[in-house]
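Following: one structure in structure tokens, then a few remarks.
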Amino acid sequence: MTRTPIPPTTRTVTPVARGEIDAAADLLTRAFAEDAPTRALLQERGDDERARHRLFRAVLLGGPLQNGTVDGVRDPDTGRLLGVAVWSAPGETGMRTAALPEYVRAIGLGGLARALRVSDAIDAHRPAVPHWYLKAVGVAPDATGGGIGRTLLASRLEVVDADGSPAYLESSNARTTALYRRHGFVPLTRVPWPDGAGPLAMWRGGHAESSGADGASQ
18 MTRTPIPPTT RTVTPVARGE IDAAADLLTR AFAEDAPTRA LLQERGDDER ARHRLFRAVL
78 LGGPLQNGTV DGVRDPDTGR LLGVAVWSAP GETGMRTAAL PEYVRAIGLG GLARALRVSD
138 AIDAHRPAVP HWYLKAVGVA PDATGGGIGR TLLASRLEVV DADGSPAYLE SSNARTTALY
198 RRHGFVPLTR VPWPDGAGPL AMWRGGHAES SGADGASQ
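Each residue of the sequence shown is one higher than the last, beginning at 18 in the working numbering.
Structural data, given as structure tokens:
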């Protein structure tokens, strides 16, 4: 598959440090305030910023932050995070124990069954071959429109392409779907979700797959 190169912006992408977990979670909390799948997962807690903050702390603590696969773009003058992308590397599975308390606080004990159904649905739609998984990408509301999301994607996809790996993500709206398509992702299917707010599973084949190896078949 021939991909059109995406021109970089002047922004610099650097790893998000463990000490920045609250800043990163706060950014994602604001960026996903109106995200339908997130709100459907949290149900009655969808409007609660504290619940969303705990949810994204759990996502960060689930492995990506410890493994150095959380990318950030910062304001060059103040150092404030303007954009964050949370990736899981190939072979990384499950959620680390450290993340579970935050996850339970986010969704509540009554939401555990719903959360397990969502987790099972995601796992069922992720191809079995090892791949990078974009768990979340968000831009601060006051920094949208400046190409930060595009910069974050392009930076990590350079790493993905360097080792020939495929990549997977879920897109929750038409705008992000168009962005991901420009970066070589193709739609697979909708993921079953509470309230019918299922995101669109998308896949970007790796070098081995493009050369004829078995890949995703959804």
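Idealized CB from N, CA, C, for every residue including glycine.
Computed from a predicted model, the values in this text were never measured in an experiment.
- Selection A48, T95, E37 and V156 evaluated against G85 yields E37 as nearest (Cα-Cα).
- Distance from the CA of H148 to the CA of D65, rounded to the nearest whole angstrom, comes to 33 Å.
- Looking at the DSSP output, W149 shares a beta bridge with A184.
- In this structure, DSSP gives G201 a state outside helix and strand, which the three-state scheme calls coil.
- Three or more beta-carbon pairs separated by less than 8 Å are not found between the segment 92–101 and the segment 135–142, which leaves the two stretches without contact.
- The three-state secondary structure of P93, taken from DSSP, is coil.
- Taking a C-beta distance under 8 Å as the contact criterion, W220 and V208 do not qualify as a contact pair.
- Boundaries of the alpha helix (DSSP H) around R173: I165 to A179.
- The Cβ atoms of L59 and A116 do not sit closer than 8 Å to each other.
- The alpha-carbon separation between D137 and A130 amounts to approximately 11 Å.
- If you look at V103, you'll find it in the beta strand (DSSP E) that goes L98 to S105.
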